[in-house]
Amino acid sequence: MTRTLELAGEAAMEAFGARLARLLPVGLRIHLQGDLGAGKTTLVRGFLRGLGYAGRVKSPTYTLIEPYWIDGRQLYHLDLYRLADPEELEFLGIRDLFEPGVTSLIEWPERGAGLLPPPDLLIRIEHLPEGRRLSLERGPEPLPELDAALDAAMN
Numbered sequence: 084m085t086r087t088l089e090l091a092g093e094a095a096m097e098a099f100g101a102r103l104a105r106l107l108p109v110g111l112r113i114h115l116q117g118d119l120g121a122g123k124t125t126l127v128r129g130f131l132r133g134l135g136y137a138g139r140v141k142s143p144t145y146t147l148i149e150p151y152w153i154d155g156r157q158l159y160h161l162d163l164y165r166l167a168d169p170e171e172l173e174f175l176g177i178r179d180l181f182e183p184g185v186t187s188l189i190e191w192p193e194r195g196a197g198l199l200p201p202p203d204l205l206i207r208i209e210h211l212p213e214g215r216r217l218s219l220e221r222g223p224e225p226l227p228e229l230d231a232a233l234d235a236a237m238n
């Protein structure tokens with residue numbers, strides 16, 4: 084099931100990210116798709132703020148991975164835009180990032196096709212004349228707690 088909503092601007096995107104962080108279960112693999120400047124990193128910033136992170140949130144475009152520890156919770160923010168070949172992920176120890184209980188937020192996941200596990204949640208972000216449209220699609224694994232969290236986030 085795909086859920087869709089429209090957000091008016093950057094502040095709304097960040098607020099929605101914070102809302103998701105407070106509602107979603109721990110340990111999800113979240114894939115973020117959208118054009119350059121769509122708001123993927125803004126959504127991640129909101130997500131981290133929603134968990135209480137007060138530091139600077141930058142896109143890991145050049146480092147590929149940015150780790151975070153927030154109140155004993157481990158998260159990884161990945162930006163695969165500059166990845167030339169999915170096999171490069173093996174050199175980064177990508178398989179170690181998807182341990183149980185670890186949340187991952189992955190921008191440009193299509194660049195890691197074949198090596199990334201399927202997402203628990205796929206968020207597509209589209210430009211609109213005055214804001215963004217988000218489409219949220221649950222992954223193939225049955226996760227009732229994810230469905231309940233998404234329903235709550237959309238209200």
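Per our numbering, residue 84 is the first one in the sequence shown, and the count goes up by one each step.
Just so it is clear, CB atoms sit at the ideal spot from N, CA and C, and this is done for glycine as well.
- The beta carbon of glutamate 170 lies closer than 8 Å to those of Leu198 in the same chain, with the five residues before and after it left out.
- Going by DSSP, leucine 119 is part of no beta strand (DSSP E) at all; its letter is neither H nor E.
- According to the DSSP assignment, aspartate 234 belongs to the alpha helix (DSSP H) that extends over 227-237.
- Only residues of its own chain outside the window of five on either side were considered, and among them Gly129 have a CB closer than 8 Å to the CB of alanine 98, listed in chain order.
- For proline 223, the closest alpha carbon among the candidates Leu204, Glu182 and Ser187 is that of Leu204.
- Looking at the backbone, the Cα of alanine 101 and that of glutamate 220 are separated by about 18 Å.
- Note that the C-beta distance between glycine 117 and isoleucine 208 is below 7 Å.
- The beta carbon of isoleucine 153 is closer than 8 Å to those of Leu131, Leu134, Gly135 and Tyr136 in its chain, skipping five residues each way along the sequence.
- Secondary structure at glycine 100: helix, using DSSP grouped into helix, strand and coil.
- Here the alpha carbons of leucine 166 and proline 227 stand approximately 33 Å from one another.
- Assigned with DSSP and collapsed to three states, aspartate 179 falls in helix.
- The criterion of a C-beta distance shorter than 7 Å is not satisfied by serine 218 and threonine 125.
- Of Arg215, Leu211, Arg178 and Arg105, the smallest CA-CA separation from proline 200 is found for Arg178.
- Assigned with DSSP and collapsed to three states, leucine 199 falls in coil, not helix or strand.
- Straight-line spacing of the CA atoms in valine 127 and isoleucine 148 works out to 13 Å.
- Beta-bridge partners of glycine 110 (DSSP): none assigned.
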